[in-house]
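Undergrad: Below is the structure I would like to discuss, written out as structure tokens.
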Amino acid sequence: MIAGNLPSKKETIDLYKSFGITRMRIYFPEAEVFEALKGSNIELTVDVAKESLQAISSNPNAAKDWVNINIVPYSKDIKFRYITVGNEIHPGDVEAQYVFSGMQNIHDALASFNLGQIKASTAIDSSLLGKSYPPSDGAFSDAANAYMQKIINFLVPNGSPLLANIYPYFAYANNKKDIPLEYALFTQQGKNDVGYQNLFDAMLDSTYAALEKIGANNLQIVVSESGWPSFGGVGTSIQNAGAYYQNLINHVKSGTGTPKRPNQPIEVYLFAMYDENQKPGAETERHFGLLHADKSRKFPLNFNNVTMLFMIFLGFLLSIELEFTTAQSPGVCYGMIPGNLPSKKETIDLYKSNGITRMLFEALKGSNIELIVDVAKESLQAISSDPNAAKDWINTNIVPYSKNIKFRYITVGNEIHPGDVEAQYVFSGMQNIHDALASSNLGQIKASTAIDSSLLGKSYPPSDGAFSDAANAYMQKTINFLVPNGSPLLANIYSYFAYANNKKDIPLEYALFTQQGNNAVGYQNLFDAMLDSTYAALEKIGANNLQIVVSESGWPSFGGVGASIQNAGTYYQNLINHVKGGTGTPKRPNGPIETYLFAMYDENQKPGAETERHFGLYHADKSGKFNLNFK
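At position 98 of the sequence shown (counting the first as 1) the number is 84 in my numbering, and the numbers step up by one without a gap.
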């Protein structure tokens, strides 16, 4: 749920029961929800998150682990109904290639645990239709035909329904010239010229017609989302939203079906239980809720004996998902958000050819490259709250490769801030990963977390470095784990951003290591000053001897003040030389500085400021932007 101040999971499930709602869908597995659902008789649909599709698609064992971790332990106490492998994936999306084999692998995993009554499927939206009117002419677009053909080739023989998100609101809002509001709200008197009294039935039947045209005449559709917003756009109001939801409930309860499937039950899931006041996108996206955060209803709906689902987005996605980070002294982080990159093996070969000795898995075996692996932000809650989840993560992602790959650190959270909801999971997440490593006799691999410089309240002069009041307690708890366990603190040090945000006081030469001589406080470069201010902050909370590993540092070659090929090349080469020189920093003289350059490639699809897409050392064709010497 992308909102604040919501009722607890238990309170929400109690609401479902009090309303007589007998089916629920969640968009990722979560132990707290499962515990609250035990013995409730509510049937549950669980999504495999988009970020997990590749792993589950490409590796049957990953699918088996997912089912074993998230379904099997609860299967005696919860009625699981469907596993949704992908929500609104479009044929042109990179994830489209993973849907078919993902469903197959989840199906096989369920069967291996004697859970074949739980069906694997996927959820589509109406944009896959190339024609939708009249409903009998419904057909998938040319772009979607092959994709949908493959999907039904899985669904039909396995007796699984197709899930479809049907939103009359968006159809009406995008074409109110031709679609009367009454038709969209089920309030039209009589049928139109093609025999339909409401838009919901027309949209559902056009999808059935499209399925028939590709040979799936008897495939059932489950309406996995439907709703109407109460604010923020054309036709949105409390009155209209209430009318839509109640009329849809009544329509489903009546059992009349649709003109194409008369007298057949329609399984429908209303979206959503609560408004999502923190959800990005159009204003309407934040106002689909039936209830306010205080559990009071927006409209006087009657749910009695309705076998419907209400969607709830609950916290964080539980998936074994890795963010691959790489390093040497210096190492190089493997940025992976562009298209047309070299293969993993080519990339590892590039690391080796350049003498970079710290950086997937299969390609890394026997390479002598040391590897840091991040626990993805979305997985923190599960790993923090359940030691067994942490152990499963290690058993799946580390143990099978530990004889052939030199794992160095497991990073539990990257740039988590004290005010972030994920902050509560970092300490226990590190502890659980540490314990899981120890139980597998892998205690040489250290668990840590990566911070950024925004946690400092004061950074100049470096000797006065101190964490902000907001960060103090968070950092104290972090070092209470790191120090006794001999783990370093990981810190992302970006001289570029410090310079770009204060070029009035910070000379470019100081940021690029090209300044001649020391400044008034004894520093010749900004990197050392930023690193030492973090050391000073650690000393002030009692971590005098804690080592810092610089887990990210880089300079963009385009897109902002001071960003150029020349400046980026100068920064990277001078940082490499500084690290190799072994001189340390003024606060830690002659000590090695373990540093990871960010990033291997430009990330041309990365969101955010233009600079974020230009930190790469290499182009996608493996040619270097700069003539760097790592050796």
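Think of the CB as a built atom: it goes at the ideal place given N, C-alpha and C, for glycine as much as any other residue.
In this text, all values refer to a predicted model and were calculated from it rather than measured experimentally.
#1: Give me, in chain order, the residues of the same chain whose beta-carbon lies closer than 8 angstroms to that of residue 414; leave out the 5 immediate sequence neighbours on both sides.
#2: Would you say residue 660 and residue 42 are within 7 angstroms of each other, going by their C-beta atoms?
#3: Based on the DSSP secondary-structure assignment, which residues constitute the bridge partners of residue 211?
#4: Using 8 angstroms for Cβ pairs, my map puts residue 231 next to residue 285. What's the rounded Cβ distance?
#5: Examine the Cβ distances between the segment 540 to 550 and the segment 584 to 596 and report whether three or more of them are shorter than 8 angstroms.
#6: Ordered along the chain, which non-local residues of its own chain (more than five positions away) have a Cβ less than 8 angstroms from that of residue 132?
#7: Since residue 233 contacts residue 241 with CB under 8 angstroms, what's their CB separation in whole angstroms?
#8: For residue 225 and residue 62, what's the separation of their Cα atoms in angstroms?
#9: Our contact map puts residue 614 next to residue 562 with C-beta atoms below 8 angstroms; I'd like the distance itself, whole angstroms only.
#10: Could you spell out the range, first to last residue, of the beta strand (DSSP E) harbouring residue 356?
#11: Quick one: is residue 16 buried, meaning 16 or more other Cβ sit within 10 Å of its Cβ, or exposed?
#12: Any idea what DSSP makes of residue 27, helix, strand or coil?
#13: For residue 434, name the three-state secondary structure that DSSP assigns.
#14: Under the DSSP definition of a beta bridge, which residues are partnered with residue 73?
#15: For the pair the segment 513 to 531 and the segment 444 to 453, tell me if three or more CB-CB distances fall below 8 angstroms.
#16: Do the CB positions of residue 275 and residue 255 come within less than 7 angstroms of each other?
#17: From the DSSP secondary-structure annotation, give me the bridge partner or partners of residue 538.
#18: When you compare only the Cα positions, how much space is there between residue 119 and residue 406?
#19: Counting only runs of 3+ residues fully inside the segment 112 to 141, write out the beta strand (DSSP E) ranges in chain order.
#20: What would DSSP say about residue 249, mapped onto helix, strand or coil?
#21: Please state whether DSSP places residue 144 in a helix, a strand or coil.
#22: Report the three-state DSSP secondary structure of residue 446 (helix, strand or coil).
#23: Looking only at DSSP bridge pairs, what is residue 396 linked to?
#24: Using a threshold of 6 angstroms, is the CB atom of residue 554 nearer than that to any non-hydrogen atom of the ligand HEM?
#25: Let me know if residue 220 comes out buried or exposed under the rule of 16 or more other beta-carbons within 10 Å of its beta-carbon.
#26: Beta strand (DSSP E) containing residue 53: first to last residue?
#27: According to the neighbour-count rule (16 or more other Cβ atoms, all chains shown, within 10 Å of its Cβ), is residue 191 buried or exposed?
#28: For residue 360 and residue 21, I'd like the C-alpha separation in whole angstroms.
#29: Please specify which runs of the beta strand (DSSP E), each continuous and at least 3 residues long, are wholly inside the segment 486 to 568, giving them in chain order.
#30: Who are the near neighbours of residue 455 in its chain, counting only those whose CB is closer than 8 angstroms to its CB and skipping five residues on each side?
#31: Once DSSP output is grouped into helix, strand and coil, what is the label at residue 171?
#32: So, do the segment 187 to 205 and the segment 113 to 130 have three or more beta carbon pairs nearer to each other than 8 angstroms?
#33: What does a CB cutoff of less than 7 angstroms around residue 447 pick up in its chain, not counting 5 residues either side in sequence?
#34: Whole-angstrom Cβ separation of residue 509 and residue 572, contact assumed at under 8 angstroms?
#35: Tell me the residue span of the alpha helix (DSSP H) that contains residue 277.
TA: Checking against the coordinates, here is how it stands:
#1: 370 and 371
#2: The chain is shown from -13 up to 617; residue 660 falls before or after that span and cannot be answered.
#3: 151
#4: 7 angstroms
#5: Taking 8 angstroms as the limit for Cβ pairs, the verdict is that the segment 584 to 596 does touch the segment 540 to 550.
#6: 77
#7: Contact flag wrong, Cβ pair sits at about 15 angstroms.
#8: 42 angstroms
#9: 7 angstroms
#10: 356 to 361
#11: buried
#12: coil
#13: strand
#14: As computed with DSSP, residue 73 is found in a beta bridge with 109.
#15: yes
#16: no
#17: 478
#18: 47 angstroms
#19: 115 to 117
#20: coil
#21: helix
#22: coil
#23: 359 and 433
#24: The ligand HEM is not among the ligands present in this structure, which contains no ligands whatsoever.
#25: exposed
#26: Counting along the chain, residue 53 falls outside any beta strand (DSSP E), though it belongs to the alpha helix (DSSP H) covering 46 to 56.
#27: buried
#28: Taking the straight line from one Cα to the other gives about 28 angstroms.
#29: 534 to 539
#30: Take residue 455, set aside five residues on each side of it, and the residues of its chain with a beta-carbon closer than 8 angstroms to its own are 443, in chain order.
#31: Looking at residue 171 - three-state DSSP - the assignment turns out to be coil, as it is neither helix nor strand.
#32: yes
#33: 507
#34: The pair is a contact, with the Cβ atoms about 6 angstroms apart (cut-off 8 angstroms).
#35: Taken as a continuous stretch (DSSP letters only), residue 277 belongs to no alpha helix (DSSP H), as it is neither H nor E.
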